[in-house]
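Colleague:
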Amino acid sequence: MQFQRDSRICAFISRRTVLANSIRPATLVVRDERIQEISYDTGEDVVQYLSQKYPGILFHDCGSLVLMPGIIDSHVHVNEPGRTEWEGFHTATRAAAAGGVTTIADMPLNSIPPTTTLNNLKIKAREAHSKIFVDVAFWGGVIPGNQHELQSLIDAGVVGFKCFLCPSGVDEFPHVSVNDVEKAFLQLLSTKTVLAFHAECEESEGTNLLTDDPKMYETFLRSRPDLMELNAVKLICDWCIKIELDNICHKNKLTPYQGKVLFGKVVATVLRGTFIFKEGNICDKPMGKLLLNANILQTIEIQ
1 MQFQRDSRIC
11 AFISRRTVLA
21 NSIRPATLVV
31 RDERIQEISY
41 DTGEDVVQYL
51 SQKYPGILFH
61 DCGSLVLMPG
71 IIDSHVHVNE
81 PGRTEWEGFH
91 TATRAAAAGG
101 VTTIADMPLN
111 SIPPTTTLNN
121 LKIKAREAHS
131 KIFVDVAFWG
141 GVIPGNQHEL
151 QSLIDAGVVG
161 FKCFLCPSGV
171 DEFPHVSVND
181 VEKAFLQLLS
191 TKTVLAFHAE
201 CEESEGTNLL
211 TDDPKMYETF
221 LRSRPDLMEL
231 NAVKLICDWC
241 IKIELDNICH
251 KNKLTPYQGK
261 VLFGKVVATV
271 LRGTFIFKEG
281 NICDKPMGKL
291 LLNANILQTI
301 EIQ
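Numbering (full-length UniProt numbering), first residue to last: 1 to 303.
1) Leaving aside the five residues before and after Gly273 along the sequence, list all residues of the same chain whose C-beta is less than 7 angstroms from its C-beta, in chain order.
2) Leaving out five residues on either side along the sequence, give the residues of the same chain with a beta carbon under 6 angstroms from the beta carbon of Gly70.
3) In the DSSP assignment, find the unbroken beta strand (DSSP E) run with Asp135 in it and report its ends.
4) Mind checking which residues open and close the beta strand (DSSP E) that includes Lys278?
5) Nearest to Cys201 by alpha carbon, out of Glu244, Ala232, Asp238, Pro174?
6) Alpha carbon to alpha carbon, how far is His75 from Asp45?
7) Whose CA, out of His148, Asp41, Phe161, lies closest to the CA of Ala137?
8) Leaving out five residues before and five after Asn21 in sequence, what residues of the same chain have Cβ atoms less than 8 angstroms from its Cβ?
9) Can you tell me whether Glu80 is helix, strand or coil according to DSSP?
10) Whole angstroms are fine: how far does the CA of Met287 sit from the CA of Ser130?
11) Considering only C-alpha positions, which residue in the set Ile132, Gln147, Asn119, Asn120 is nearest to Ala95?
12) Would you give the residue range spanned by the beta strand (DSSP E) that Thr269 belongs to?
13) In this structure, what does DSSP give as the bridge partners for Ser14?
14) Secondary structure at Asn231, three-state DSSP: helix, strand or coil?
15) Which of the three DSSP states, helix, strand or coil, is assigned to Leu297?
16) Straight-line CA distance for Thr17 to His198?
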């Protein structure tokens, strides 16, 4: 199946369109890679009206299939470069497209180098730009000693920062101490960014698991006691109180779909008006964009 970027104006019609507060019949017009308008009708009248308003418009009738926004996956580990055999941009973004995901946010660790400096971000962006089938954003990382890199990562367009309160599992992304977090807080307080925590603190008196069967799931559960998370959350709250941060929760707007379970089969995925997945096939050419500020894309010669 051939996929081409459609430069024409197109419209998507569905009797079940997921809108901000309801699911109802609607027609979405996409122009210049953006939703131009939404008509709350799907009949011949709206087709005739749009055909007159937008000569040459291409209609896609989805029938009773659910037409919904592309999914944003905010926690994806793309381990390229360095550990591409674990997961690379080519495979991760193709899988995303097949699952109805149109944007992923790459976590800052497991790649070599990690996304902890502006230069490292540029390395990842260069590696990714010709391989991505969906849009890709990046998290920055907070590790010991990189607090002076955080503002430049914000300026480049990272969506937020992540740190670990216990060993991350990879040497190049060490966990932070109380002192490290306080230094990061001082750099980030005047910004609008987010600092996320892997909220587990190591227990000094944990269960001895050396004699337990490592293949048993119960062994893993005993290795991560509830107290690890509880102590971490308490520590984070104490930090926020210390610096007089009165909002430790980033979610400021609830959705009526909160807590709902999404299930079903993805028939097609559309990115900025162009099909990137349809009838079990993924487009041949990567059509994703790097969601970084233009200034960094220019410095690494990515258009």
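Ideal Cβ positions, reconstructed from N, Cα and C, are used throughout, including at glycine. Fair warning: this is a prediction, and the values are worked out from it, not measured in the lab.
Modeller: In terms of the structure at hand:
1) Cβ within range, chain order: Asp6, Cys10, Val30, Glu33.
2) The residues are Thr102.
3) Counting along the chain, the beta strand (DSSP E) containing Asp135 begins and ends at 135-138.
4) Segment 274-278, the beta strand (DSSP E) holding Lys278.
5) That would be Ala232, whose Cα lies nearest to the Cα of Cys201.
6) Per the coordinates, the alpha-carbon of His75 lies some 43 angstroms from the alpha-carbon of Asp45.
7) Of His148, Asp41, Phe161, the residue nearest in Cα terms is Phe161.
8) When the five nearest sequence neighbours on each side are left out, the beta carbons in the same chain lying within less than 8 angstroms of the beta carbon of Asn21 are those of Pro256, in order along the chain.
9) In this structure, Glu80 counts as coil in the three-state DSSP scheme.
10) If I take the Cα positions, the gap works out to 9 angstroms.
11) Here the closest residue by C-alpha is Ile132.
12) Per DSSP, Thr269 belongs to the beta strand (DSSP E) from 268-271.
13) Assignment of beta-bridge partners to Ser14 by DSSP yields Ala26.
14) Note: Asn231 maps to helix in three-state DSSP.
15) Helix at Leu297.
16) Their Cα atoms are separated by approximately 36 angstroms.
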